[in-house]
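Chains as they are written, first to last, in full-length UniProt numbering: chain A, 1 to 238; chain B, 1 to 134.
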């Protein structure tokens, strides 16, 4: 962390959003009522009023000209906040699953320097099938984290720089590929149990069709196998 | 007869490549590979004994198979290179889309700050006018 960050780190929030008009407003309002951090919504070329609602709710909106997927949108937000001189970035979903009330639990270890990345975990939200998929992904990738697909995360500046790199642009999802990249850069990852709500509106961007799930699983398993570290696995639980 | 067909096909492909480059439908960088391949194809037709000799050296019983396998291998490598190139272009395109969004965000923020500044300036001028009025 930088010298300025050790005094008072600049924290920004990134929300990747695709057709989240029904929930994005309340997510931003809840965040803004609890914290004074600027909220950046990256609109992944939505077909509804996500961008307008986010703007009205007081967020800054980065509109993508073409759909890049959840990770492409998140990376845009990270690149933007890095460019603006922020030290810490929080990422969370725009569908209301993540409780802004738990944010301080994730922020604290990152700001204290106890870890480089904090991941909000909630394995209870998963069905048995998803847990099996996770187990396969963890086995092939060597990751020992509890919740590898959670989008509720806090990254410090080192992690932001790592993820803003062009080589991270080729990733399709914000899970195994991103975590392995951080791990291979020697960054510390920490699991922190948090409460998550059931998705209020819309469907998962991955788990909405068997074909998409199959492709996702196959891609992730190959990625995990090809990029796994040969040494001891990293990642710890709080 | 097959060797003549091979020679004609090779020359036809070469002519098509040159035509596509001339019409700006194909980048010359990609054209070089296809031209070389077409000439190699034509060369096999004009010098069939070359394949027979090479097949004998490598111990291949049926010489045309050697030519087919070699061409398939070259095409597989080419397709792989095209995928690598496509991945590179995809990254560039995504970075560009991200950059446009970031610039738009910065512009929005700058406009908002300018509007707020203009508004506060307007209020200050109004207040000054009210105070200076008799």
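For each residue, glycine too, the CB sits at the ideal point set by N, CA and C.
None of the values given here were measured: they were computed from a predicted structure.
query: Measure from the alpha carbon of residue 141 (chain A) to the alpha carbon of each residue in A:50, A:13, A:27 and A:221, then state which is nearest.; result: A:221
query: Please confirm whether residue 104 (chain B) has its beta-carbon closer than 8 Å to some beta-carbon of chain A.; result: yes
query: Apart from the five residues just before and just after residue 2 (chain B), which ones in its own chain have a Cβ nearer than 8 Å to its Cβ?; result: 64
query: Report the three-state DSSP secondary structure of residue 81 (chain B) (helix, strand or coil).; result: helix
query: Between residue 61 (chain A) and chain B, is any beta-carbon pair separated by less than 8 Å?; result: yes
query: Who are the near neighbours of residue 82 (chain A) in its chain, counting only those whose CB is closer than 6 Å to its CB and skipping five residues on each side?; result: 160 and 164
query: So is residue 90 (chain A) in contact with chain B if we call contact Cβ pairs under 8 Å?; result: no
query: What distance in whole Å lies between the Cβ atoms of residue 175 (chain A) and residue 121 (chain A), which are believed to be in contact at a cut-off of 8 Å?; result: The pair is not a contact, with the Cβ atoms about 12 Å apart (cut-off 8 Å).
query: Rounded to the nearest angstrom, what separates residue 3 (chain A) and residue 189 (chain A) at their Cα positions?; result: Model confidence at residue 3 (chain A) stands at a pLDDT of 44, short of 50, so the residue's coordinates are unreliable and nothing is read from them.
query: Give a yes or no on whether the C-beta atoms belonging to residue 87 (chain A) and residue 157 (chain A) are separated by under 8 Å.; result: yes
query: Taking DSSP's pairing of strands, which residues face residue 196 (chain A) in a bridge?; result: A:98
query: Cβ closer than 8 Å: which chain B residues qualify as neighbours of residue 187 (chain A)?; result: Neighbours of residue 187 (chain A) on chain B: none; closest Cβ ~22 Å, over 8 Å.
query: Can you list the residues of chain A that residue 100 (chain B) reaches, using a CB-CB cut of under 7 Å?; result: 65
query: If you count every other CB in all the chains shown that lies within 10 Å of the CB of residue 131 (chain B), and 16 or more means buried, which is it?; result: exposed
query: Under 8 Å between beta-carbons, which chain B residues line up against residue 155 (chain A)? List them in chain order, please.; result: Result: empty, since nearest Cβ-Cβ is about 17 Å, beyond 8 Å.
query: Output needed for residue 23 (chain B): all residues of its chain with C-beta closer than 8 Å, excluding positions within five of it in sequence on either side, in chain order.; result: none
query: Express the C-alpha separation of residue 31 (chain B) and residue 8 (chain A) in angstroms, rounding to a whole number.; result: 57 Å
query: For a cutoff of 8 Å on Cβ pairs, would you count residue 94 (chain B) as touching chain A?; result: yes
query: For residue 42 (chain A), I'd like the list of residues in its chain whose CB is within less than 6 Å of its CB, leaving aside the five on either flank, ordered along the chain.; result: 16, 62, 73, 76 and 77
query: Does residue 115 (chain B) pass the burial test, meaning 16 or more other C-beta atoms within 10 Å, or should it be called exposed?; result: exposed
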